Amino acid sequence: MFRGFGLELAAGEAAALTGANGAGKTSLLRTVAGFIAPARGRVAFAGPAGPLDEDEARGRDVHLVGHQEGLKSARSARSELLFQAAWTGGSQASALAAAGELGLTPLLDLEVRRLSAGQRRRLALARLLASPRSLWLLDEPLAPLDARHRELFGEAMQRHLLGGGLILAAVHDPLPIPARTAPLPA
Amino acid sequence: MKLLWRLYRRELALAWNGGGGPLLSVGFYAAVATLVPLALGPSPERLAATAPGLAWVALALASLLSLERLFERDFEDGALDLIALSPTPLEAVAAVKCLAQWTAVGAPLSLAAPLAAVALGASPSLAPLILACAAAGGLAFAFVGGTGAALALGSRRGGLLIAVVVLPLLTPPVIFGGGAIDAFAAHLPWRSGLLLLIAYALAAGGLAPLAMAAACRNAQS
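Protein sequences, first through last, are from chains A and B.
11 is the number that this note's numbering gives to position 11 of the first sequence; each next residue is one higher, with no gaps.
1207 is the number that this note's numbering gives to position 207 of the second sequence; each next residue is one higher, with no gaps.
Below, the structure written as structure tokens:
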């Protein structure tokens, strides 16, 4: 799909993955998340104490929010948010706080099927804030969001970076935070 | 463990309110039990002789009905990705999904099976054994069927593929269960059939999660 791509991301850094449609942005994110084994090359994780075991790091310290949010349309927004947050290691209190921060509190009793694309995306993004994991892999995270919520989520990303987090986001529009651009080879 | 319990409750809730899995299977089962006398004729002797076997075969087919979506939905809507990025092994997730499937579909069917058999004219003394066979068999069907569902992930015509993959694996439990019921009705030793059925269900419960997890990982790449 692509070759000759290298990227090193340090704590507190964000990188915007750019490239034409079909360049392999989603595939790269899924490779980092461990779903796709690279034909050549490798993905390595390191913590303050040195290299980390890949499976361990992916299981405990990686968030992936892609085009499919993993939300069940027949369930209430609240139950889905609480499940996603708990499954990734967050608490109920932190999940509800995250929902408040992204302006989801009035929507929590609705079924997911009643939410708009932007509201669904915010619901999926809320788990990033609810359960602390260092590396955020985001696939077009802001595409369905309106201007106000782009700004709100931008602030959340900023805070994540200040706390030593890492963000790798596939985007077409610039991110609302300072981020290195990492173009995928055509 | 707490997370798996949460997943189990979520799966149950989804089975109950998302597309009527249990109602569909039990409805299908009731339809078969109603149509059989119409097709075979109303002769009570003939019905009584075929009732336990028919109840048993219909059970196997009814439990296949809702299996297609066991992993497919999670795969399509991205929930499988979320579930995979966790310290909880995918094998345990697969096992929990099958157990939830059994609770939602297998258990109601196990209750329906003796009812249907007795309604068709089988001796009421057979009912407890049919219940036991249906419960153990349902567990085997859930795990074996789940393997088929995981292998069919991402393919069009998944349902057909599941049937082709799963049918040969369903024959042993059908034979064991049917044999036990027949033997009991004929006052012959019947315990070995039931024990073999339980053994098969346990073996499926131990091995199938490995296959399901591998198949899911393969589909996700």
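Backbone N, C-alpha and C fix where the C-beta goes; we use that ideal spot for every residue, glycine too.
None of these values were measured; they are calculated from a predicted model.
Anything in chain B within Cβ reach of Gln92(A), meaning under 7 Å, just list it in chain order.
Under the 7 Å cutoff, chain B gives no residues; its nearest Cβ is about 11 Å from Gln92(A).
Where does Glu1011(B) sit, in a helix, a strand or coil, going by DSSP?
helix
Select from Leu1047(B), Leu1059(B), Glu1045(B) the residue whose C-alpha is nearest the C-alpha of Leu1024(B).
Leu1059(B)
Where does Pro176(A) fall in DSSP's three states?
coil
Given that Arg1010(B) touches chain A, what residues does it touch there, using C-beta distances under 7 Å?
Phe83
Tell me whether Gly6(A) sits in a helix, a strand or coil according to DSSP, three-state version.
coil
What residue range does the beta strand (DSSP E) around Trp136(A) cover?
135 to 139
Measuring straight from C-alpha to C-alpha, what distance separates Leu1082(B) and Gln84(A)?
8 Å
Where the beta strand (DSSP E) through Val65(A) begins and ends
62 to 65
With distance defined between alpha-carbon atoms, name the residue in Ala1180(B), Phe1176(B), Ile1181(B) nearest to Tyr1200(B).
Phe1176(B)
For the beta strand (DSSP E) that contains Ile167(A), what are its first and last residues?
166 to 170
Please return the same chain residues whose Cβ sits closer than 7 Å to the Cβ of Thr1088(B), not counting the five positions on each side in sequence.
Leu1003, Leu1004
Taking the alpha-carbon of Arg122(A) as reference, which of Ser134(A), Glu151(A), Leu135(A) has the nearest alpha-carbon?
Glu151(A)
Classify His63(A): buried if its beta carbon has 16 or more other beta carbons within 10 angstroms, exposed otherwise.
buried
Do the CB positions of Leu17(A) and Ala170(A) come within less than 7 Å of each other?
yes
Can you name, in chain order, every residue of its own chain whose Cβ lies under 6 Å from the Cβ of Pro1022(B), other than the five neighbours on each side?
Ala1104, Val1105, Pro1108
Is Phe45(A) helix, strand or coil by DSSP?
strand
Are the Cβ atoms of Gly201(A) and Leu184(A) separated by less than 7 Å?
A question about residue 201(A) goes unanswered here, because the residues of chain A that appear run from 1 up to 186.
Pro174(A) classed as buried or exposed, judged by whether at least 16 other C-beta atoms fall within 10 angstroms
exposed
Using a beta-carbon distance below 7 Å, is Trp87(A) in contact with chain B?
yes
If you follow the alpha helix (DSSP H) that Ala1211(B) is part of, which residue opens it and which one closes it?
1191 to 1220
Please classify Gln92(A) as buried or exposed, where buried requires at least 16 other C-beta atoms within 10 Å of its C-beta.
exposed
Assign Leu129(A) to one of two classes, buried (16 or more other C-beta atoms within 10 Å of its C-beta) or exposed (fewer than that).
buried
Between which residues of its own chain and Glu69(A) is the CB-CB distance below 6 Å, once the five residues before and five after are set aside?
Arg120, Ala124
Exposed or buried, which one is Pro1044(B) when buried takes at least 16 other CB atoms within 10 Å?
exposed
Just the Cα atoms here: how many angstroms apart are Asp53(A) and Gly103(A)?
36 Å
Bridge partners for Gly50(A) per DSSP, in chain order?
Gly47(A)
Straight-line CA distance for Asp138(A) to Ile167(A)?
In the sequence as displayed, the identity of residue 138(A) is Leu instead of Asp. Whole-angstrom Cα-Cα distance: 8 Å.
Pro1124(B) versus Asp1077(B): straight-line alpha-carbon distance, rounded:
46 Å
Taking Ser1221(B) as the query, report the chain A residues whose CB atoms sit under 9 Å from its CB, ordered along the chain.
Arg30, Phe35, Ile36, Ala37
7 Å is my cut-off, CB to CB: does Arg1069(B) come that close to chain A?
no
Can you give me the C-alpha to C-alpha distance between Gly118(A) and Ala1219(B), rounded to a whole angstrom?
28 Å
Arg114(A): contacting residues in chain B (beta-carbon distance under 8 Å)
Simply none; closest approach about 15 Å.
Say whether chain A places a C-beta atom closer than 7 Å to the C-beta of Ser1086(B).
yes
Report the residue from Ser79(A), Ala126(A), Gly89(A), Ala74(A) whose alpha carbon sits nearest the alpha carbon of Ala98(A).
Ala126(A)
How about Ala1142(B) and Ile1130(B): do their beta carbons lie closer than 7 Å?
no
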